[in-house]
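Novice:
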Amino acid sequence: MNKFYHTLKTLFLLGWSIFVVFPFLWALSTSFKDANAITSGATYIPWVDFEPSTQGWTSLFTNGSQGINIVGPFIDSAAVTLIASLVSLILGTLAAYGLSRFEYRLGFVKNADITFFFISQRIMPPIVLAIPFFLMLKELGALDTIFGLVLVYVALLLPIAVWVMTDFFAGIPKELDEMAMTDGCSPIGAFFRVILPNSVPGLVVAGMFCLIFGWNDFFFAFTLTFTETQLLPVSIVSLNSSVTPWWSLSAFALISVAPLALVAIVVERYMSRGTMSGAIR
Amino acid sequence: MLQIDHLTTAKAKVSLDNVSFLFEAGNIYTILGRTGAGKTELLRALMGLNPLINGDIKLDKENITKRPIRDRNMSLVYQQFINYPHLSVLDNVAFPLRRQGKKKAQAQALASTMLTTVGLGDFLHRRPSQLSGGQQQRVALARAMVKQSRILMLDEPLANLDYKLREQLREEFPRLVADNQESVILYTTTEPREAMELGNTMIVMHDGEIIASGPPADLFAHPPTKDTASVISDPPISFISGFVRDQVLYFGEGQLAPSEGLQLPPDGPVTIALRPDAIEPGGAFTAKIGLSEFSGSQTIIHLDFDFGRAIMMVEGIETFKSGDNLSISIQAEQMMLFAPDGRNITLRDN
Amino acid sequence: MLSSKHFFLLPALLTLVAIILFPLLFTVRVSFSSWDVFQSGLDFIGGSNYVRVFADDRFWQSLQRLSLLSIISVSLQYTLGFALALAVWKQVRGGRLLRVLFLIPMMTTPVVMSVIWRTVFHESLGPVNDILSAFGVGPVPWLSSATGAFISVLIVEVWQWTPFMFLLLLAGLVSLPKEPYLAAAIDGAGTWRTFWQVTFPLMAPITIGALIIRLIEASKIMDTVYVLTSGGPGTATETSSYYIYIRGLRDFQIGYSAALSLVYLVIMIISLTIIAKLLLRTLVGKDE
Amino acid sequence: MAKIVLENLGHSYLSNPKGEHDFALKPVNLTWEDGKTYALLGPSGCGKTTMLNIISGLVPPSHGRLLFDDQDVTSVPTSARNIAQVFQFPVIYSTKTVRQNLAFPLECRGMTPSKIKQRVAEVATLLDLDYALDMPARKLSADQKQLISLGRGLVREDVSAILLDEPLTVIDPQMKFMLRRKLREINRQTGMTMILVTHDQSEAMSFADEIVVMKDGLVQQSGTPEELFSQPQNDFVGYFIGSPPMNMITLEPNLGSLSTEAINLTKPLPAAMPVGNNVSIYQMGIRPEHIVMVDKESDSIGKGTIIKIEHLGVDGVVTLKLPTGVIIKAKTRKHTEMTLGDTFGIRVCKKNALLYIDGTLSSSLN
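Residue numbers (the working numbering), protein chains in the order written: chain A, 1 to 281; chain B, 1 to 350; chain C, 1 to 288; chain D, 1 to 366.
1) Step through the CB atoms of chain D and report whether any lies within less than 8 Å of the CB of glutamate 333 of chain B.
2) Excluding the 5 residues flanking proline 60 of chain D on each side, which residues of the same chain have their C-beta closer than 6 Å to its C-beta?
3) By Cβ distance, which residues of its chain are closer than 8 Å to serine 50 of chain D, with the 5 residues on each side in sequence left out?
4) Quick check: what's the CA-CA separation for isoleucine 328 of chain B versus glutamate 280 of chain B?
5) Whose C-beta lies closer than 8 Å to the C-beta of serine 75 of chain B among residues of the same chain, with five residues either side of it excluded?
6) Give the DSSP-derived three-state secondary structure of tryptophan 26 of chain A in the structure shown.
7) In the DSSP assignment, the beta strand (DSSP E) including glutamate 7 of chain D goes from what residue to what residue?
8) So which residues of chain B does aspartate 183 of chain A contact, with C-beta pairs closer than 8 Å?
9) Taking proline 43 of chain D and lysine 215 of chain D to be in contact with their CB atoms under 8 Å, please state how far apart those CB atoms are, rounded to whole angstroms.
10) For tyrosine 163 of chain B, count the other beta carbons within 10 Å of its own beta carbon; 16 or more makes it buried, fewer makes it exposed. Which is it?
11) How should isoleucine 280 of chain A be labelled, buried or exposed, when 16 other C-beta atoms within 10 angstroms of its C-beta is the threshold for buried?
12) Could you check where the beta strand (DSSP E) with aspartate 49 of chain A kicks off and where it finishes?
13) Round the Cβ separation of serine 297 of chain B and phenylalanine 229 of chain D to the nearest angstrom and send it over; I've been treating them as touching at under 8 Å.
14) Suppose the cutoff is 6 Å on Cβ atoms and the five residues either side in sequence are ignored; what does the same chain contact list for alanine 258 of chain C look like?
15) If you draw a straight line from the C-alpha of proline 276 of chain B to the C-alpha of isoleucine 211 of chain B, how long is it?
16) Name the two residues that bound the continuous beta strand (DSSP E) containing aspartate 5 of chain B.
17) So, with DSSP's three-state summary, where would you put phenylalanine 21 of chain B?
18) What is the residue span of the alpha helix (DSSP H) that leucine 90 of chain B lies within?
19) Residues of chain B with a CB under 9 Å from the CB of arginine 181 of chain D: which are they?
20) Taking the DSSP output, what are the residues bridged to isoleucine 306 of chain D?
21) Please state the DSSP three-state secondary structure of alanine 146 of chain C.
22) Using CA coordinates, which residue listed in C:Leu278, C:Gly234, C:Asp251 and C:Val100 is at the minimum distance from glutamine 61 of chain C?
23) Of the choices D:Phe344, D:Asp172 and D:Glu210, whose alpha-carbon is the least far from that of leucine 320 of chain D?
24) Using the three-state DSSP reduction, which class does serine 15 of chain D fall into: helix, strand or coil?
25) Leaving out the 5 sequence neighbours to the left and right, which residues in its chain are closer than 6 Å to methionine 1 of chain C when beta-carbon positions are compared?
26) First and last residue of the beta strand (DSSP E) that includes serine 329 of chain B?
27) By DSSP, does glycine 209 of chain C sit in helix, in strand, or in coil?
28) Does chain D have any CB closer than 8 Å to the CB of phenylalanine 320 of chain B?
29) Three or more beta-carbon pairs under 8 Å between the segment 66 to 86 of chain C and the segment 219 to 238 of chain C, yes or no?
30) Using a Cβ-Cβ cut-off of 8 Å, state whether histidine 11 of chain D counts as contacting chain B.
31) For asparagine 49 of chain C, I'd like the list of residues in its chain whose CB is within less than 6 Å of its CB, leaving aside the five on either flank, ordered along the chain.
32) Can you list, in chain order, the residues of its chain with a C-beta nearer than 8 Å to that of threonine 339 of chain D? Leave out the 5 residues immediately preceding and following it.
33) Taking 6 Å as the limit between beta carbons, can you name the residues of its chain near proline 46 of chain A, skipping five residues before and five after?
34) Note down, one range per segment and in chain order, each alpha helix (DSSP H) of at least 4 residues found wholly within the segment 63 to 102 of chain A.
35) From asparagine 325 of chain B to glycine 283 of chain B, what distance separates their C-alpha atoms?
36) Closer than 8 Å, CB to CB, is leucine 182 of chain C near chain D or not?
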């Protein structure tokens, strides 16, 4: 019985690992193919199945008709994601702390309703906001700029930061802030001097989630930017719809996905230590 | 010096109900009460952590009811060992001094002296998480005392410690606060022995109210009400219902005439309270032994009477078999009587 | 006191309101206009857009399709994610590596991966049909048949988001207390009983949270569909968001798409609230 | 039900222990009889929890054997050991009713429904839980939940012992007394062996037929409460058992005997120890309960002045300063009649003054 379970488990883990890795391996293999190798049907192993070519990779750093320069979109993507994540994290952390420690009341609206308001922004389908955002940014002259996208992404990421941090602060004993206040801190001082230094695990998890969801957004980048500012997901899709150079697509995809694999390592560490238990509930 | 008038907090599972008291500087007040009696709520209300719906707090005649927490000149030690996890032991204790505006070097010097006093001189640069529970609570105590605030509050500070550590800290506590003349110390506990051992004045709380206060020995000898008697007795006091008719006290099949040790009230129902020292082996009453257990050099015997249950304590370690019958006597001079409304109506000749 | 508590909340609240409120109110206003390619600007045509929504079969079909897709994919993600979390919960050889590996898909950009998946599912040049043919199956019309396209979208969704479930559930598992398990062992409960009587009840709050979050995110599915199938073949994989996108940004029927958006939003909020309540009642036994 | 034997049982969390210090539990031989109550007592980190985990099967010991009724169970898994355990925090199956909780261990063992019903009814009556049988278990108070945990052990007829891991920690102080009595009564009625882990000496003293006192992974003494109280084998047991702890008065070796200026009570110097041996410390241990305070004029072995009186209710603890500066404590019920500064004579029955050499009871000389 035990042996049976064990075998089943091993097979399951093995199968799932293959499933997870498969598209990456396929992309890696494809990125070294040329037009001949691709049109002759599915092949897998370079040198054995096909003659490898580096044109997929070189094209990413070449301008003009022969290539699609990836450097610009990469920098734009990174800038938008980092700035928006940072702003969301700061604002979200403050709000989450307020919601977990003070009582707010505005007519019938109480803390739980405000928290729900923040988190419910995730329910809003992007399409509901796309057209008004378009018009609003146009009014502000922020269409097709990093600033405009940051503004929109903050609205997208703030709920995530509030969600993770509210749960995290709920796990920090109230007595800690009270103690800081009895020791002579103002409520704001208590937050900065005592709570914040003890919130690193929560901040890391919230920050990681912001990065993931920011980096991976496509829709707003797609509707609100055109030529001046271009993010990675949008440029790959525009590549997709044209002549379909599979080798460039694959290399492009791998590069765009790589930075966040590092995030996975950080997230795993916090998850295994159990420090995420407070951050996620 | 610290005067509280009619403190009342919003109705909750545990809330304060019209609590008034005058605390004098240089005294240690132990606040005794069961879980949920309102002890913690009182301390938190004084600190400004729990909002009041009524009442005033005056410190040196000055009304501080609305003053922000940080300006109240009070400190509080929690039941859980709470320290700043991100700071070293030394910085933990220096923290309140730094907030008072002291220079870093001066704050650390004062903190280090205080830590030596509480016996942690060798642990200045550890993190609180690297200390044992008892040591963590010493850090919290040092942090509270180093400020030299007017009011020092300790909320069941020993409740989460091992038995022997508790005993040791209880023993040290008077020394730690020995040179305190200017401040009021409030110490809450659920254990009658601790309250009696540490306080010059004992305050008994029950259901969000102060129901008695006074020197511990007096309160123990003459509890004003049945609730007080019940809260301050450990091992538990036993209550038996009876009645008085024609100057004879009846309970179950027993009866008792007035004596020098105990006068009887006029006719009517009474509650008889028996502490372990009111029952002695050998005598006219018969009881069944429910269980016997040791406590130090004494044996505690749980007795089942036809009129109720009671506990007897016998010096020395002796084995009593459960189920056996035992003849005992009830000492009238140790017995207490309470009226149906809970008032103590014990009257003795002396 | 007053000022400091507002110091914490107001910046975020005002920012969000400022960013969200205008678009939302604007959408409400536009939904009562006939703004389209021919008539741009805000006129007022009453509720006729809404009347049109209720007669729009394509919209309701897309909503049905969306419900089916989200419920199936989230159930699969939950089951597989829980199974994976349980499998690597206790010490396994190479556990660290497996955990990182299992997390990676959720870190990747859905549209980018969809581009890759499109090549994977390619009927003549993709590896899936190539491998299947080795077993004598196929060729399967992955992206060109209605069922095939639906299943493809499902597979990609499961690949992408099972890690999210895995993450939440494993984080929950590692923080569980040990005593209940020892108690269950002492009571003589086997693996199966221990799971249903100890693990599952302890994980109920996390389960609810994870399911709701995933349902919310899944209901917005659009990127994957856009790249993988463009809603096709025909309307076989067209989800609500995608349909609204077509009406709004492709056909430029701004007024009508605004009405569609709002109807959709209200339906989403109501149904997610009901689902959350139901889950709470069945899994935690909360009465309120 | 079974006799439990710990045969040279020890445990080190290191794979290759170098010396004494590497052992969380230093090897020990103990025999626990069927049907009695035992307590494992000591400060935190003393190894009592390790010992309990070895008995429950959570930790496989690195050294020695564990026998239940002469059967080696050292490598038998928890589920096959026939033990029951109550934890510090109540463990219940939250989705089940009280009845289903109590029935669960029997269901796992495939017992017939009628038999289960009968056992559950019996145990519920024993625990006074009849009225709550159909309530969801999670709605009960902490002490009732602890009774359910206990009940899951009691329903089984094959249980060798019930392990209680500080089960009274989360119980309200006023309920502790009642629950402790209940545990004793159940032991009496069922004859089930119970093993309690605790740091509270008064809890151990009142609960157990026999107490194992531990410190730093080493069993200091094992015996009845009376033995531990009247014959503590070393100064730690003298300190740990009893409150306040045993008074330890240092003795000076001179002229063939041990004495102190403080108290006129001499002990013969052990023959093996030469006079002037500075290495050994000689101490006299006297329980505060054994110090009798008499009128200062009457016959006594010493005099002391009261420097502190602690009211503990019925009893009181009086701190006395002897002329030499030595401070001792005495427990009395007459504390209410005493005042600070009073001087009293001290009497101690000879058998209650114990000699300790380097912290160990010197039995031959007492």
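Heads up, the beta-carbon is just placed ideally off N, CA and C, and yes, glycines get one too.
Specialist: The relevant details are as follows:
1) In terms of beta-carbon proximity, glutamate 333 of chain B stays away from the interface with chain D, with every pair separated by 8 Å or more.
2) none
3) Residue 50 of chain D is actually threonine in this sequence, not serine. His11, Ala24, Leu25, Val59 and Gly217, listed in sequence order.
4) 6 Å
5) Pro96, Arg143, Ala144, Met145, Lys147, Ser149, Ile151, Leu152 and Met153
6) Tryptophan 26 of chain A carries a helical assignment under DSSP once its states are collapsed to helix, strand and coil.
7) 4 to 11
8) Arg70, Ser75, Phe95, Pro96, Arg99, Arg143 and Lys147
9) Going by Cβ atoms, the distance from proline 43 of chain D to lysine 215 of chain D rounds to 7 Å, so yes, they are a contact pair.
10) Counting the other CB atoms within 10 Å of its CB gives tyrosine 163 of chain B a total of 16 or more, which places it among the buried residues.
11) Per-residue confidence for isoleucine 280 of chain A stands at a pLDDT of 37, beneath the threshold of 50, marking its modelled position as unreliable; the derived number appears in the next sentence. It is buried - the Cβ of isoleucine 280 of chain A has at least 16 other Cβ atoms within 10 Å.
12) For aspartate 49 of chain A, there is no enclosing beta strand (DSSP E), as DSSP gives it neither H nor E.
13) 6 Å
14) Thr27, Val30 and Ser31
15) 23 Å
16) 2 to 9
17) In this structure, phenylalanine 21 of chain B counts as strand in the three-state DSSP scheme.
18) 89 to 99
19) Gly290, Leu291, Glu293 and His302
20) D:Leu320
21) helix
22) C:Gly234
23) D:Phe344
24) coil
25) Bear in mind that the predicted position of methionine 1 of chain C carries a pLDDT of just 46, short of 50, making it too unreliable to give a figure here.
26) Segment 325 to 330, the beta strand (DSSP E) holding serine 329 of chain B.
27) Glycine 209 of chain C sits in a helix when the DSSP states are folded into three classes.
28) For phenylalanine 320 of chain B, the answer is no, since every Cβ of chain D falls outside 8 Å of its Cβ.
29) yes
30) no
31) Cβ within range, chain order: Ser31, Gly255, Tyr256 and Ala259.
32) Ile306 and Ile309
33) Phe32 and Pro52
34) Contiguous alpha helix (DSSP H) elements confined to the segment 63 to 102 of chain A occur at 71 to 101, taking only those with 4 or more residues.
35) One C-alpha to the other measures close to 12 Å.
36) yes
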